[in-house]
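With my numbering, you'll find the sequence shown wraps up at 267, consecutive numbering, no jumps. Every residue, glycine too, gets a C-beta built ideally from N, C-alpha and C. For reference, the structure is listed below as structure tokens.
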Amino acid sequence: MTMYERLMIENSHIPISDGFKLRGGFKGIYANGAILIDKDMTSYHKHEVLAEEIAHYKISYGNILDQSDMLNKKLEIKARRLAYESVITLQGLIDAFKYGVQNLHEMAIFFEVSKSFVEETLDYYKIKYGLGVQHGDYLISFEPLTIYKDLE
Numbered sequence: 116m117t118m119y120e121r122l123m124i125e126n127s128h129i130p131i132s133d134g135f136k137l138r139g140g141f142k143g144i145y146a147n148g149a150i151l152i153d154k155d156m157t158s159y160h161k162h163e164v165l166a167e168e169i170a171h172y173k174i175s176y177g178n179i180l181d182q183s184d185m186l187n188k189k190l191e192i193k194a195r196r197l198a199y200e201s202v203i204t205l206q207g208l209i210d211a212f213k214y215g216v217q218n219l220h221e222m223a224i225f226f227e228v229s230k231s232f233v234e235e236t237l238d239y240y241k242i243k244y245g246l247g248v249q250h251g252d253y254l255i256s257f258e259p260l261t262i263y264k265d266l267e
């Protein structure tokens with residue numbers, strides 16, 4: 116089972132469909148309590164989009180399609196950040212390290228997302244945490260990405 120399929124099952128309380136071609140260049144949309152995912156994407160890309168649309172389900176209200184409205188833009192950014200944090204958690208980075216992941220390409224495969232999603236997530240974590248963060252017994256350095264087991 117893919118991570119995309121697992122995410123759909125974990126959120127089965129939300130009506131989710133990936134059987135339609137979405138108009139207007141949309142990859143995913145949350146409207147009227149349901150999530151639609153464009154059918155013409157890879158499983159990895161669907162995973163990214165579904166995570167963001169689930170974040171919209173949790174935090175958004177009303178029509179936020181007009182991105183020239185500051186509040187709508189803030190909700191879009193917040194949903195994207197929640198998607199980053201839900202797909203590639205700090206613990207997930209440690210798990211990838213333990214699994215033997217050596218580079219961004221392998222990390223994208225490990226999390227079943229695109230390499231650009233991994234890069235965007237790491238860039239977001241650098242903004243949120245700075246150059247590094249302690250998580251449990253590990254120190255995660257974001258520049259360059261390195262994970263150290265606490266040697267105490």
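Using DSSP bridges, identify the partner residues of residue i.
i: K264; result: Y253
i: G247; result: S256
Which two residues bound the contiguous beta strand (DSSP E) that contains residue i?
i: S269; result: Because residue 269 is not part of the residues shown, which for the chain are 116 to 267, the question remains open.
i: S132; result: I131 to F135
i: D153; result: A149 to D153
i: G207; result: Looking at the DSSP string, G207 is not in any beta strand (DSSP E); the run it does join, the alpha helix (DSSP H), is L205 to Y214.
i: Y145; result: G143 to A146
Rank the options by C-alpha distance to the C-alpha of residue i and give the top, closest one.
i: R195; options: L237, L208 and I262; result: L237
i: Y253; options: G207, L219, Q217 and E221; result: G207
i: L241; options: V216, Y263 and E200; result: Rather than Leu, the amino acid found at residue 241 in this sequence is Lys. For the residues V216, Y263 and E200, the minimum Cα distance to K241 belongs to E200.
i: H160; options: E258, S229 and R138; result: S229
i: Y244; options: E258, F232 and V233; result: E258
i: L260; options: I209, Y214 and E227; result: I209
For the alpha helix (DSSP H) holding residue i, just list the boundary residues, first then last.
i: L237; result: K230 to Y244
i: R121; result: M118 to E125
i: E167; result: S158 to I174
i: H220; result: L219 to F226
Which word fits residue i, buried or exposed, when buried means at least 16 other C-beta atoms lie within 10 angstroms of its C-beta?
i: F135; result: exposed
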